[in-house]
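With the first letter of the sequence shown counted as 1, position 295 gets the number 1307 in this note's numbering; the numbers rise by one all the way through. We put the beta carbon where it would ideally sit given N, CA and C, even for glycine. Some notes on the structure that comes next.
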Amino acid sequence: MSRLEDYLETIQPELINTARLFGMEEKLPLFRMEAEEEKDLYRICFRYEDAAAERSVPVPSDPDPRVRELHRKRAARRLCKQACYDLCRKISGIRPPWGSLTGVRPTHLMLEALGEGLTPEAAVARLTEEFDVTPEKAELLARIARVQGELPAPGDGWMDVYIGIPFCTTRCAYCSFSSGEIGSGKLVAPYLGALEREIGAGAEILRESGKRLRALYVGGGTPTALPEEEFRRLLDCLLGAFPDAREYTVEAGRPDTITRDKLRAIRQGGIRRISINPQTMNDRTLQVIGRAHTARQIRDAYALAREEGIPQINMDVIAGLPGEGMAEFSRTMEEAVRLAPESLTVHTLAIKRSSAFGEKQTAFRQGRGEPALLPSGETAAEMVRLGRDTAQGMGMRPYYLYKQKYMAGNLENTGYALPGAECLYNVDIMEETSHILALGAGGISKRIYPEEGHIGRAPNVSNIEAYISRVEEMIRRKRELFLEEKG
Ligand code: SF4
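Here's what the structure looks like:
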């Protein structure tokens, strides 16, 4: 086997993701690939029936054999994906908005280009030419990079803390998280007991590591799904353990879990930022997606949060929900303007296999039941544009972006915020530039090794009962990750 073939040995999952951009993953096994190394060139050709796409690239060289190997492998794999992309594009006639990019963090490529000293215009040109990203999306990345450049840089001396509350009142039909419905609530007390133990141990890890706390984010699940007394107890515990964060955020996603007492506990704790997430302001859709609350409850929750003096509220909405067209999404955007959040995150629906929608789609493919009535990719793209225009009309700027698999129209999720209302944690988690100490079921702690371009991970188990019984093991994993030197 040649070196080139060697590098491509495990490329198949990436090719599947590439073909999936065009809905062509079932045709992929019929593609024929030729890979050759000739006269200092890597050459790869894909063929399907009469169509063919060929690309070549000079074989990278570097005096350091380790660096040379790394660059050659990267060049070979990139070339292979791009040739496969070209063939899919040729056959289908489709141009995906993000071109051949299949990873979840396209901002990395923009930051990489700017880091090499390219001007924003040249970086946009590189993304459009090399990866076929549309100018609209490449320019969005350039704007995001500019805003991120204004935020306090993370750096090795800082750490973020994530605290997960894996309970929700009901399960959204698109949810693939491990959150359990709160049900009888019998797991709440033992879960909080275990979490408090881990919070105490996490504070020790932070102190022993010598790092400073940057952003603390309480997410889930829905943290405000906890009963009032337990919610206060949790805030007391985490603010006692982590008193000096630059930024605190508490997710209060479902309006039916928000009470005056919980908002007061948030404010009294000095927390300035919460997230109240309608997803849509259409009652029919809210029912279809299993949210068990109404648009009216969203309005009331915003009014209550303002009354209690919460200065920063984030709003999440989703483009591409079942049964929605432009009229429904426009209504949601009009309501967003009226509610005037400080930040707006425009998601695109992603249907994961493990969600209720995913199961419904699978059943339909197997000849059972009805499909979910989803808007077309073009309509979802129109919605995303309207989300952008609405956010910009409110004075917001895009500041973070990520993609997920199975997103409608191969689109993206973008966070917009008023200047100064950007959430540092959201940037850190997406850019993977900050150490993250993640506490609670399902949290994944990350230690960044910037020099080596490596990220060490320590995952907590997702199952709530397993987390409760194995919390000491979860603590040990994190101590090893953050306090032991890499071997
Ligand atoms: S609120 Fe979030 S975590 Fe809870 S069920 Fe819905 S999507 Fe899942």
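Fewer than three Cβ pairs drawn from the region 1148 to 1165 and the region 1174 to 1184 lie within less than 8 Å of each other, which leaves the two stretches out of contact.
Within the region 1345 to 1409, the complete beta strand (DSSP E) segments at least 3 residues long are 1355 to 1360, listed from N- to C-terminus.
Three or more beta-carbon pairs separated by less than 8 Å link the region 1260 to 1269 to the region 1282 to 1300, which places the two stretches in contact. Between the alpha carbons of Ser-1112 and Val-1145 lies a gap of roughly 7 Å. Pro-1070 sits in a strand when the DSSP states are folded into three classes. Comparing alpha-carbon positions, the option among Ala-1375, Phe-1369, Ile-1363 and Thr-1374 lying closest to Glu-1424 turns out to be Ile-1363. The nearest non-hydrogen atom of the ligand SF4 is less than 7 Å from the C-beta of Thr-1234. Bounds of the alpha helix (DSSP H) holding Gln-1094 are 1077 to 1104. Within 10 angstroms of the beta-carbon of Gly-1407 lie fewer than 16 other beta-carbons, which makes it exposed.
Judged by the Cβ position, Gly-1265 qualifies as a neighbour of the ligand SF4 at the 7 Å threshold, a heavy atom of the ligand being closer than this. A direct Cα-Cα distance of roughly 7 Å separates Leu-1386 from Glu-1336. Look at Phe-1494 here: in three-state DSSP terms it is helix. With contacts defined as CB atoms closer than 8 Å, Asp-1018 and Ile-1448 fail to qualify as a contacting pair. Under the three-state reduction of DSSP output, Ile-1448 falls in the strand class. By the beta-carbon neighbour count (other beta carbons within 10 angstroms, threshold 16), Leu-1053 is exposed.
Secondary structure at Met-1171: strand, using DSSP grouped into helix, strand and coil. When distances are taken from the beta-carbon of Arg-1365 to the heavy atoms of the ligand SF4, even the shortest one reaches 7 Å or more.
In the DSSP secondary-structure assignment, Asn-1425 is bridged to Tyr-1414. Residue range 1259 to 1263 is occupied by the beta strand (DSSP E) that includes Thr-1261. Annotation for Ala-1088: Leu-1016, Tyr-1019, Leu-1020 and Tyr-1054 place their beta carbon closer than 7 Å to its own, counting only its chain and skipping 5 residues before and after. If you draw a straight line from the Cα of Tyr-1479 to the Cα of Ala-1137, it comes to about 47 Å. Scanning its chain for C-beta atoms nearer than 6 Å, with the 5 sequence neighbours on each side dropped, one finds around Cys-1092 the residues Leu-1020, Ile-1023 and Ile-1056, in chain order.
Excluding the 5 residues flanking it on each side, Arg-1318 has no same chain C-beta neighbour closer than 7 Å. Of the heavy atoms belonging to the ligand SF4, at least one sits nearer than 7 Å to the Cβ of Phe-1189. For Arg-1308, the three-state secondary structure derived from DSSP is helix. Val-1200: member of the alpha helix (DSSP H) spanning 1200 to 1221, first to last residue. Residue state for Val-1483 is assigned as helix, using DSSP reduced to three classes. Cβ neighbours of Gly-1281 within its own chain (closer than 6 Å, five residues either side excluded): Leu-1247 and Leu-1251. By the C-beta density criterion, Ser-1196 is exposed, having fewer than 16 other C-beta atoms within 10 angstroms.
Apart from the 5 residues on each side of it in sequence, Met-1419 sits with its Cβ closer than 6 Å to the Cβ of Thr-1360 and Ala-1362 in its chain, given in chain order. Burial check for Asp-1273: the Cβ neighbour count within 10 Å stays below 16, so the residue is exposed. Straight-line spacing of the CA atoms in Pro-1118 and Phe-1143 works out to 11 Å.
Counting the other CB atoms within 10 Å of its CB gives His-1466 a total below 16, which places it among the exposed residues. In the displayed model, Asp-1328 falls within a strand according to three-state DSSP. Excluding the 5 residues flanking it on each side, Pro-1383 has same chain C-beta neighbours closer than 6 Å at Phe-1376, in chain order. Contact between Arg-1311 and Leu-1351 holds: their C-beta atoms lie close to 7 Å from each other, under 8 Å.
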